[in-house]
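Working notes for the structure below.
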Amino acid sequence: MSRLGKMPNWQKKFVIVGMMTCSITGLIYLLGHQFHIQRPTLGNHSILAAHGIAAMLASLVLGSVMSFHIKAGIKSRKQ
0 MSRLGKMPNW QKKFVIVGMM TCSITGLIYL LGHQFHIQRP TLGNHSILAA
50 HGIAAMLASL VLGSVMSFHI KAGIKSRKQ
């Protein structure tokens, strides 16, 4: 069985955690700021800062996936 196109387990977990963290913090801020659901708690600056940090993590995640997929594409052309 070929490992071509399969991510290592650490990378798979990193992708899931990074994207879920960014999505959840963005959803929390959206609910608090735009829909005024518990605005003092969910719509404050610390949630927005956490979302910014999570977005940086998501950028790292996408960068790690991109380099992996480029290598897999090059290897598949050679085969």
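Quick note on numbering: the sequence shown equals residues 0 to 78 in numbering that gives the first Met the number 0.
Note that beta-carbon positions come from the ideal geometry of N, C-alpha and C, so glycine has one too.
Alpha carbon to alpha carbon, what distance is there between M65 and I23?
23 Å
Distance, T20 Cα to F13 Cα
10 Å
For the alpha helix (DSSP H) containing R38, name the first residue and the last one.
R38 to L41
From I52 to S45, what does the alpha carbon distance come to, in whole angstroms?
11 Å
Under 9 Å between C-beta atoms of M18 and A48
no
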